[in-house]
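Some notes on the structure that comes next.
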Amino acid sequence: MSQRTAPHPKPFQNPPVRTWRGACQAPAVRCSSSLKRSDPRSHGTRRSQRPFTGPHAPIRRLASLPNSKPRFQAAAVLSPVHWNKSPNDSLAGKLHNATRCRGGAATRGGGAPARAALALVGLCAAAIGVAGRRRWRTTGSGGGRGGEVADGDATGWSESGVGERGHELRCCSCQEMSLGSCPAAAGDATAEELLERARGLVPPALAAARAATGFGGRWKAIAARLERVPPCLSDLSSHPCFSKNSLCQELLQSVAATLAEAAELGARCHEPPKAGKLQMQSDLDALAGKLDLNLRDCSLLVKTGVLSDATVPAAPAEIASAAGAQTDVRELLARLQIGHAEAKHRAVDGLLDALREDEKSVLSALGRGNVAALVQLLTATAPKVREKAATVLCLLAESGSCEGLLMSEGALPPFIRLAESGSLVGREKAVITLQRLSMSADIARAIVGHSGVRALIDMCQTGDSITQSAAAGALKNISAVPEVRQALAEEGVVRVMINLLDSGVVLGSKEYAAECLQNLTSSNDSLRRAVVSEGGLRSLLAYLDGPLPQESPVAALRNLVTAVSPDSLVSLCVLPRLVHVLRDGSVGAQQAAAATICKICSSMDMKRLVGEHGCIPLLVRLLEAKSNGAREAAAQAVASLMGCPANARDIKKDEKSVPNLVQLLDPSPQNTAKKYAISCLLALSASKRCKKLMISHGAIGYLKKLSEKDVTGAKKLLEKLDRRRLRSLFISRK
């Protein structure tokens, strides 16, 4: 066999290329039998110059073209993914085997031809897709399923490259309204132009849906949705604010992109693919969801007034800035209700910034639909989105003006779920919101009904300082509802509150725990015994040792002293703690301490012990308090202690006792301490000095008015003072 000499390589000329109209301009390669192989010397191998023959000749000619990788990559973008699932039976596997059979490009030819051959997989798949779409176009125009395919070779390629009309159908329909393919063109178009484009895409999308084969039920449902698009577009275009609002343009862009996708999927489903059915099923479900979203958004814009709310109003120059800010808020609130998830997420970010800058303007523009959209974002898949939505709703709840809206839109269950299993920020915002909402008795009952108590108890045990305090506050609010207290006890709230008193992270959580115990023990003897048996009394007394005792622990102590024997009260050093509260506590705490003294002074020994611990001067001083409740509690305690002679002597010796008691004879209805003051003054009336002090401070005038109202003891005390006054007058005349 004679040895051949390789001819000098001729410089390669790019094949003729036709460009596709539209924004998607990827070159189409012309396949011709006149194409030559690339220079064999570039691969380090001498090969005979024989023509390409066989069933894969066009593909192998393309594989031999140098510098063709960009062309293959551009075409490969158009290849459907689901046609390349099986490496053995799919087109990719067959092409790979074909290239290995003739010359071994993948194994012997080096890197460039191998990469080109692999890239051809996408190009050939795109060619078959184009042929299918051209066939669909023929049937859609009346040719039926038996319509003829355009002239070309067996693979669907013509002599002049890919058919121009077939590519127009795909590229123009997909890219005209796709937000990502040509944003500049979409942004420059007016609302009327976008409306016409969307209307023009409805017929081909509907025809493709009706002609599609496979997944008949899904395509029927998609066709039904497509039939609803034209009426929705007509309603939208008839709105007065249609051409004035950017929301309409964005919605029309989304509708057109969805219609283009429907036409594309319909063309791919004209003949059932050999592989990728699950992928196609997923694509159809996604398409149905997009259509539902577009139809819902269109109806929302037309019927709910979102367009009017978000449209820029005409404003005078002096208030243009304020009006612009208000308009931005309304548009952000409108965007919460329409569009895809990512757009709503951006709207939440903007709304957070607006709330931080001007909370009042956001609250004034807030509506039911906006709250509903935020509540839906509480169940978003992205944790960051849930956190931001919870933050916005938390701010709204703390404003005190949106509790009814939040409850009517079903915010409680997602907040409870977020408190149970959300992120750190999400749980914190959810618990703070629950604390604010639980201030309402109805919402507190609803929290118990939705099993929210367990989540709050867990936060008290494992949360940080903020979440622990908020959870304790929520449980305190819930415990204020009498009918749910037993349910709280069954969840173990007593033990948790006692633990908070002993080792709470912050002072606020301890205060809430004491208030919760106060509520639980206010009217239930079994709960009182449960708190005492769990060591709650010791924890409360330890908490009272602080520098400024507050009302709630003293009130809880007041509820518990009746469940403990007097000896136990003495051994637990209750009386020194009460003296500390009367001296250094708040007015509310002092009032609760005086009420506690009244409860424990059931025996003469306890009255004597109270007097010995120095409570009487502190109670006399409390008679001057501004709070009517504090004065009443102090007067009641003093009247109770007067039964012990030693205590009565101490009260007589106190210079402020009689003047303070006389001031409590005020006959006004708001003064509820007068009956206890009369009782104390009757006990002191045996002393001449005390009688003289009573008369000098105007007791007779008060007593006359009280006698007219038949107040118990007033007439008797008045008679004693009158006799003393007459005797004094008679002596002075002598």
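The numbering of the sequence shown is my numbering, which starts it at 15 and goes up by one. Ideal placement from N, C-alpha and C gives every residue a C-beta, glycine not left out.
Annotated three-state conformation of Asp-539 is helix, per DSSP. Judged by beta-carbon spacing, Leu-655 lies within the 8 Å limit of Cys-615, meaning their Cβ atoms are closer than that value.
Within the same chain, Ala-237 come within 6 Å of Arg-224 by CB-CB distance, once the 5 residues on both sides are set aside. Of the candidates His-284, Gly-303, Val-269, the residue whose Cα lies closest to the Cα of Ala-235 is Gly-303. A straight line joining the alpha-carbon of Gln-650 with that of Leu-571 spans about 18 Å. Relative to the Cα of Gln-677, the nearest Cα in the group Ala-697, Lys-702, Arg-663, Ile-709 belongs to Ile-709.
Around the beta-carbon of Asp-306, fewer than 16 other beta-carbon atoms lie within 10 Å, marking it exposed. Shown here, Arg-441 sits in a helix according to DSSP, grouped into three states.
Three or more pairs of CB atoms, one per stretch, sit closer than 8 Å, so the region 268-282 contacts the region 209-223.
DSSP, reduced to helix, strand and coil, places Glu-423 outside both helices and strands of the structure shown, so it counts as coil. Cβ-Cβ distances below 7 Å link Val-406 to Val-362, Leu-365, Leu-366, Leu-369, Leu-388 in the same chain, with the five nearest sequence neighbours on each side left out; the list follows chain order. DSSP assignment within the region 577-602 yields no whole beta strand (DSSP E) run of 3 residues or more. Only residues of its own chain outside the window of five on either side were considered, and among them Leu-632 have a CB closer than 8 Å to the CB of Arg-597, listed in chain order. Counting only the Cα atoms, Leu-432 lies some 8 Å from Leu-392. The beta carbon of Cys-530 is closer than 6 Å to those of Leu-489, Lys-490, Ser-493, Met-511 in its chain, skipping five residues each way along the sequence. When the beta-carbon positions are compared, His-464 and Pro-427 come within less than 8 Å of each other.
Three or more Cβ pairs closer than 8 Å define a contact, and the region 531-538 meets that threshold against the region 503-521.
Leaving aside the five residues that flank Ala-606 on each side, the residues in its chain whose CB is nearer than 7 Å to its CB run, in chain order, Glu-565, Val-568, Ala-569, Arg-572. Of all alpha-carbon atoms in Gly-214, Leu-679, Ser-701, Ala-700, the one lying nearest the alpha-carbon of Lys-723 is that of Leu-679. With 16 or more other CB atoms across the displayed protein chains lying within 10 angstroms of its CB, Ala-713 is buried. With contacts defined as CB atoms closer than 8 Å, Ser-452 and Ile-446 fail to qualify as a contacting pair. DSSP places Lys-258 in no alpha helix (DSSP H); its state is neither H nor E. Taken through DSSP and simplified to helix, strand or coil, Phe-429 comes out as helix.
Between Val-498 and Ala-458 the beta-carbon gap is near 7 Å, inside 8 Å, which marks them as a contact.
The residues Ile-461, Leu-489, Ile-492, Ala-501, Leu-502, Glu-505, Val-507, in chain order, have a CB closer than 8 Å to that of Val-467 in the same chain once the five nearest residues on each side in sequence are set aside. DSSP places Arg-737 within a helical segment (H, G or I) once states are collapsed to three.
Cβ neighbours of Gly-549 within its own chain (closer than 7 Å, five residues either side excluded): Ile-512.
Leu-555 and Ala-687 have their C-alpha atoms spaced approximately 29 Å apart.
Going by beta carbons, Arg-622 and Ala-660 fall inside the 8 Å limit. Contact check for Asp-249 against Val-343 fails: the beta carbons are separated by 8 Å or more. DSSP places Arg-242 in the coil class of the three-state scheme, outside both helix and strand.
By the beta-carbon neighbour count (other beta carbons within 10 angstroms, threshold 16), Pro-563 is buried. A distance below 8 Å separates the beta carbons of Leu-209 and Leu-266. The residue among Ser-523, Leu-696, Lys-706, Arg-645 with its C-alpha nearest the C-alpha of Gln-684 is Arg-645.
In this structure, Thr-576 is the residue among Leu-675, Arg-310, Thr-576, Val-519 with its C-alpha nearest to the C-alpha of Arg-543. Of the candidates Pro-245, Glu-264, Gly-228, the residue whose Cα lies closest to the Cα of Thr-204 is Glu-264.
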